[in-house]
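>
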Amino acid sequence: MSAAPGYADLGPAQVLAALDAAGLRGDGRILQLNSYENRVFQLFLEDGSAVVTKFYRPSRWSDAQIVEEHQFALALAAAEVPVVPPRVLLADHTASEHLRLLPTDGPTLACLDGEVPHRFTVADRCAGREPELETPGTLRRIGGFLGRLHAVGARERFRHRVTLEPLRDGTRARDLLLEGGFVTDAEAPAWRSSCDRALDAIGAAFDRVGPLANLRLHGDCHLGNVLWRDGPHVVDLDDACNGPAVQDLWMLVSGDPQTMARQLDELLDGYADFRDFDRHELALIEPLRTLRMLRHAAWLAQRWTDPSFPLNFPFFGTPAYWSQQTAQLREQVELMAQMAEHGPD
Numbered sequence: 003m004s005a006a007p008g009y010a011d012l013g014p015a016q017v018l019a020a021l022d023a024a025g026l027r028g029d030g031r032i033l034q035l036n037s038y039e040n041r042v043f044q045l046f047l048e049d050g051s052a053v054v055t056k057f058y059r060p061s062r063w064s065d066a067q068i069v070e071e072h073q074f075a076l077a078l079a080a081a082e083v084p085v086v087p088p089r090v091l092l093a094d095h096t097a098s099e100h101l102r103l104l105p106t107d108g109p110t111l112a113c114l115d116g117e118v119p120h121r122f123t124v125a126d127r128c129a130g131r132e133p134e135l136e137t138p139g140t141l142r143r144i145g146g147f148l149g150r151l152h153a154v155g156a157r158e159r160f161r162h163r164v165t166l167e168p169l170r171d172g173t174r175a176r177d178l179l180l181e182g183g184f185v186t187d188a189e190a191p192a193w194r195s196s197c198d199r200a201l202d203a204i205g206a207a208f209d210r211v212g213p214l215a216n217l218r219l220h221g222d223c224h225l226g227n228v229l230w231r232d233g234p235h236v237v238d239l240d241d242a243c244n245g246p247a248v249q250d251l252w253m254l255v256s257g258d259p260q261t262m263a264r265q266l267d268e269l270l271d272g273y274a275d276f277r278d279f280d281r282h283e284l285a286l287i288e289p290l291r292t293l294r295m296l297r298h299a300a301w302l303a304q305r306w307t308d309p310s311f312p313l314n315f316p317f318f319g320t321p322a323y324w325s326q327q328t329a330q331l332r333e334q335v336e337l338m339a340q341m342a343e344h345g346p347d
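In this note's numbering, the protein residues as written are 3 to 347.
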């Protein structure tokens, strides 16, 4: 999946012109924010307010999938769950006649058609910092936040966005990396062997847990995606999907088994104030961690034609990288085997 022409070098002039078409007049101050997947900018408007606009990577999500993400954010905001929802936009056809807005009722996605079409959304600027997990009560409050988010997420399912299917998703990642020639020849046999064992263990773990209750999730809930401002909130649901609740919990815990168990107890204490959690899902933490390793490597491969990726991930694709990946997969296979024998507690 390569970047469309003009997307990788999207600059201030195009960004300001796009927002003009949506009736938002910038005063010229613009700052590009750190984001690998999309192009994200902070702008100051002539009325003195500040907004953040996100230009979506072409071909990743359909219009319907993006609109569904926005509708979830608006539903969360309506339920007073701390999120930063997209603004409702108005077209200014005096600035551009090529702007389309979706959906027709309360539009939040702007599509600026042309030789290089761009899709973007706008939200109010919201500052914050990464949560400090060592501070007493922080994990409990994050757990409560996720319980509230999942209570809204459980009301219905996404119809257009993806559903997490670990064995399918992991197999696709493996095949993309091998068929695309990203794994170096000398390291490929060992990596593939470890990958296949890991996929077998992932599938077996999900089979043991049995049918799961899927709901709408944040999807990529690591500490970098949780902002703390008098409490936890999120500003982005770009990876929102259907899946089991544990997917939004496991990335927030780390360390040795005793430390992780203590962190999970704190999270689930807060979570239980708003929603029940099926503790059988804890057996899926290491399988989901393994799946993330495979999908992250495939994500880098998919984006490799974007000039920013070789610049920011120069280690990807080297023999040392694949040797390290092989070692980590072997460790995960052992952890999953221990989990299968002794259980998550």
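Where a beta carbon is used, it is the ideal one built from N, C-alpha and C, also for glycine.
Should G116 be counted as a contact of the ligand NAD given a C-beta to heavy atom distance under 7 Å?
Annotation note on the ligand NAD: not contained in the displayed structure, which lists no ligands.
> Assess, as a yes-or-no matter, whether the segment 266-284 is touched by the segment 305-320 under the definition of 3 or more beta carbon pairs within less than 8 Å.
The segment 305-320 vs the segment 266-284: no contact.
> Just verifying my parser: in three-state terms, what is the DSSP assignment at V17?
Position 15 of the sequence shown, counting from 1, holds the residue named residue 17. Reduced to three states, the DSSP call for V17 is helix.
> Below 8 Å, how does it come out for the segment 239-252 and the segment 210-219: are there three or more Cβ pairs, yes or no?
Verdict: yes, contact present.
> What three-state label does DSSP hand A6 in the structure shown?
Counting from 1 along the sequence shown, the entry for residue 6 is found at position 4. Its pLDDT being 44, under 50, A6 is placed unreliably by the model, and nothing is read from it.
> As a quick exercise: from D308, E268, E288 and Q16, pick the residue whose alpha carbon is nearest that of G205.
As a first step, residue 205 is located in the sequence shown; it is residue number 203 there, counting from the start. The option with the nearest alpha carbon to G205 is E288.
> By DSSP, does L254 sit in helix, in strand, or in coil?
Along the sequence shown, one-based indexing puts residue 254 at 252. Helix at L254.
> So the beta strand (DSSP E) C197 belongs to, where does it begin and stop?
In the sequence shown, residue 197 corresponds to position 195, counting from 1. No beta strand (DSSP E) holds C197; the alpha helix (DSSP H) holding it covers A190 to V211.
> Kindly indicate the opening and closing residues of the beta strand (DSSP E) around L337.
If you number the sequence shown from 1, residue 337 lands on position 335. That residue, L337, is in no beta strand (DSSP E); its alpha helix (DSSP H) goes P321 to H344.
> Can you confirm whether the segment 39-53 touches the segment 9-23 when touching is taken to mean that 3 or more C-beta pairs between the two stretches lie within less than 8 Å?
With the cut-off at 8 Å, the segment 9-23 and the segment 39-53 touch.
> For L217, does the three-state DSSP call read helix, strand or coil?
Within the sequence shown, numbered from 1, the residue matching residue 217 stands at position 215. If DSSP states are grouped into helix, strand and coil, L217 belongs with the strands.
> DSSP puts N244 in a beta bridge; with which residues?
Translated into the one-based positions of the sequence shown, residue 244 becomes position 242. Answer by DSSP bridge pairing, in chain order: T165 and R218.
> Just reading off the beta strand (DSSP E) that F276 is part of, what are its end residues?
Numbered from its first residue, the sequence shown carries residue 276 at position 274. That residue, F276, is in no beta strand (DSSP E); it is neither H nor E in DSSP.
> Starting from Q304, trace the alpha helix (DSSP H) both ways and give me its first and last residue.
The count along the sequence shown starts at 1 and reaches residue 304 at position 302. Unbroken alpha helix (DSSP H) run through Q304: I287 to Q304.
> Between A247 and the rest of its own chain, which residues show a CB-CB distance below 7 Å, the 5 nearest in sequence each way excluded?
Here the question's residue 247 lines up with position 245 in the sequence shown. Answer for A247: H152, L217, F279 and E283, listed in chain order.
> Just to confirm the assignment: which complete alpha helix (DSSP H) runs, minimum length 4, are found wholly within the segment 19-55?
Those alpha helix (DSSP H) runs which fall completely within the segment 19-55 and span 4+ residues do not exist here.
> With 16 as the cutoff for other CB atoms within 10 Å, does F43 come out buried or exposed?
Against the sequence shown, residue 43 aligns to sequence position 41. Per the 10 Å Cβ criterion, buried.
> With DSSP run on the structure shown, which of helix, strand or coil describes T123?
What you label residue 123 is simply residue 121 of the sequence shown in a count that begins at 1. In this structure, T123 counts as strand in the three-state DSSP scheme.
> Is it the case that the Cβ atoms of P234 and F208 are separated by a distance below 8 Å?
To locate residue 234, count along the sequence shown from 1; it is residue 232. To locate residue 208, count along the sequence shown from 1; it is residue 206. The answer is no: Cβ separation not under 8 Å.
> Using a Cβ-Cβ cut-off of 7 Å (strictly less than) and excluding sequence neighbours within five positions of H162, which residues of its own chain qualify?
Sequence index remark: in the sequence shown, residue 162 carries index 160 (1-based). Excluding positions up to five away in sequence, the list reads S64, A66, Q67 and E70.
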